[in-house]
Ligand code: BG6
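Written out as structure tokens, the structure reads:
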């Protein structure tokens, strides 16, 4: 059955930072794809705003170049491109100044449309822009504000940011993007858990041995070194993407699919995480930095060479987390993420407990515990690993095989980028895949003490060679519990 494509309501998307990297790589391509799929109504407009001076024509040229660079050639349809570019406008605006806002107001007119303000700018501007939008009469109840990390660097700064934005927009109007929530497999996790009767009875500490969440990247920090050195793997990836994935695995079934029902359940998980402090930081965490080694492009520099100065920022973090509630007591959640690792591979592995009693003889082989592997990237798939009898003669020999649902093989068509879904959910006013204020703050409330404990105990920053699966300490973290990381082999 093909889905029926229904255009969203008429809207204006105003992208502050309209000539920046995010607009170029992600936002414009995402909206182009949705235009091609027939989801943008005729009236939809996109307004790029930034300090530099450009005409509409120059901005359209900028967008066309970006699309030709970031959309694969075979997905460029010249008719769509023409239609899409005609939707674009540009406004030169210094957001720290009082001038220019009236022009934006004039451009927006007084038509009854949804206005989505996407702040693809530094977080220091979130407050000032929100304030200016309200002050210049550019907002109403149909306006939305879209912001993205870094949403603070600790609990205090996150609260301050939320307060600044919250002074001008209601929480129902604020869309905090975590692009991992827009990924197909991540949404599929909700479908698997709550649209099948099969998994839920097993989804607890009676049947699950442990969970692993890995987001491994082969890229280094490249030209983002300045930002990255202040963030590190913990703020860049763990506080948001990995913790959101953990929440979706661990949350209780919500009463319904409403945004707040789901976010209430995620919040409870965040609040149930066992604290990591000076007493257990040594046994529960590993932080490390890559040294020169191999990347997909050949020999690559170490982090400090890329950065050009000393730093103890971690480019790799592994954490053993525990969700202290009835369902998950005793089930560790092993999280790890790093730059310059052996493979680009993100996955969630649910490892079930072994069978309680062996009935097959030695020759059959030992049953391997079942695993459900949700692969987010590069090749999206869901695999349920089970034991079967190796077919053919030879008696009972057990074989470990996947019930494999690789998306590319099962479904036709391209796999949409996370931003496509998220950008239009903003227009639809659907906040399910966006982080609520209290969720962001609860995540920081768990992360902050880990930083404190690292400082307090002088927790070492280990090293690993670029192109490997991280430092030996990470292997030790999980092997101490007689378990092993799933290094992409399943
Ligand atoms: C971003 C981080 O949020 O996610 C980057 O800032 C990281 O450092 C990126 O590379 C990974 O996203 P994806 O979708 O490529 O896995």
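Residue numbers (this note's numbering): 670 to 1159. Backbone N, C-alpha and C define an ideal beta-carbon position, used for all residues, glycine too.
Which of the three DSSP states is assigned to residue i in this structure?
| i | result |
| --- | --- |
| residue 784 | strand |
| residue 1032 | helix |
| residue 744 | helix |
| residue 962 | strand |
| residue 760 | strand |
| residue 1001 | strand |
| residue 705 | helix |
| residue 731 | helix |
| residue 807 | coil |
| residue 980 | coil |
| residue 1229 | Lying before the first or after the last residue shown, residue 1229 is absent from the chain, which here runs from 670 to 1159. |
| residue 837 | coil |
| residue 1216 | Nothing can be reported for residue 1216: it is not among the residues displayed for the chain, which extend from 670 to 1159. |
| residue 1007 | strand |
| residue 815 | strand |
| residue 753 | helix |
| residue 954 | strand |
| residue 739 | helix |
| residue 799 | helix |
| residue 690 | helix |
| residue 718 | strand |
With a threshold of 7 Å between beta-carbons, can residue i be considered close to chain B, or not?
| i | result |
| --- | --- |
| residue 741 | Chain labels in this structure do not include chain B; a single protein chain is all it has. |
When you compare each of the options to residue i by their alpha carbons, which one comes out closest?
| i | options | result |
| --- | --- | --- |
| residue 761 | 798, 771 and 722 | 722 |
| residue 817 | 837, 849 and 916 | 849 |
| residue 880 | 989, 982, 1064 and 960 | 989 |
| residue 681 | 695, 758, 764 and 893 | 758 |
| residue 869 | 913, 918, 932 and 928 | 918 |
| residue 677 | 1104, 1142 and 1096 | 1096 |
| residue 788 | 752, 843 and 1113 | 843 |
| residue 933 | 948, 980 and 916 | 916 |
| residue 1138 | 975, 1001 and 962 | 962 |
| residue 1075 | 808, 854 and 992 | 854 |
| residue 1039 | 775, 930 and 877 | 877 |
| residue 799 | 810, 834, 811 and 1002 | 834 |
| residue 711 | 981, 812 and 756 | 756 |
| residue 952 | 771, 713, 1119 and 1007 | 1119 |
| residue 1011 | 886, 1115, 776 and 1069 | 886 |
| residue 693 | 1001, 726, 724 and 738 | 738 |
| residue 882 | 1100, 828, 1020 and 866 | 1020 |
| residue 715 | 785, 925, 1060 and 873 | 785 |
| residue 674 | 684, 686, 685 and 708 | 708 |
| residue 979 | 895, 1065 and 728 | 895 |
| residue 697 | 679, 809, 745 and 910 | 745 |
| residue 857 | 807, 948 and 1041 | 1041 |
| residue 1124 | 950, 752 and 839 | 950 |
| residue 937 | 920, 1127, 726 and 860 | 920 |
| residue 750 | 706, 1101, 1090 and 841 | 706 |
| residue 947 | 828, 935, 1117 and 763 | 1117 |
How would you call residue i, buried or exposed, if buried means at least 16 neighbouring beta carbons within 10 angstroms?
| i | result |
| --- | --- |
| residue 825 | exposed |
| residue 905 | buried |
| residue 1026 | exposed |
| residue 1094 | buried |
| residue 967 | exposed |
| residue 831 | buried |
| residue 740 | buried |
| residue 995 | exposed |
| residue 993 | exposed |
| residue 754 | buried |
| residue 884 | buried |
| residue 688 | buried |
| residue 1072 | exposed |
| residue 1135 | buried |
| residue 1006 | buried |
| residue 852 | buried |
| residue 1151 | exposed |
Extract the residue ranges of the alpha helix (DSSP H) inside the region 1071–1102, only unbroken runs of 4 or more that lie entirely within it. 1076–1079 and 1087–1097
Segments assigned alpha helix (DSSP H), at least 4 residues, entirely inside the region 870–949: 894–902, 912–919 and 928–941
Is the number of C-beta pairs between the region 837–851 and the region 809–827 that are closer than 8 Å three or more? yes
Segment contact, 8 Å Cβ cut-off, at least three pairs: the region 931–947 with the region 1024–1033: no
At a cut of 8 Å, does the region 1078–1097 reach the region 788–797 through at least three beta carbon pairs? no
Per the contact definition of three or more C-beta pairs closer than 8 Å, is the region 1042–1061 in contact with the region 1011–1029? yes
I want to know whether the region 953–961 touches the region 973–988 - three or more CB-CB distances under 8 Å. yes
Taking 8 Å as the threshold, find out whether the region 695–704 comes into contact with the region 722–742 through three or more Cβ pairs. yes
May I ask you to verify whether the region 876–892 touches the region 1052–1066, counting CB pairs closer than 8 Å and requiring at least 3? no
What ranges does the alpha helix (DSSP H) occupy inside the region 1115–1157, keeping only unbroken runs of at least 4 residues that lie completely in it? 1141–1148
Three-pair Cβ contact test at 8 Å for the region 855–867 versus the region 1105–1112: no
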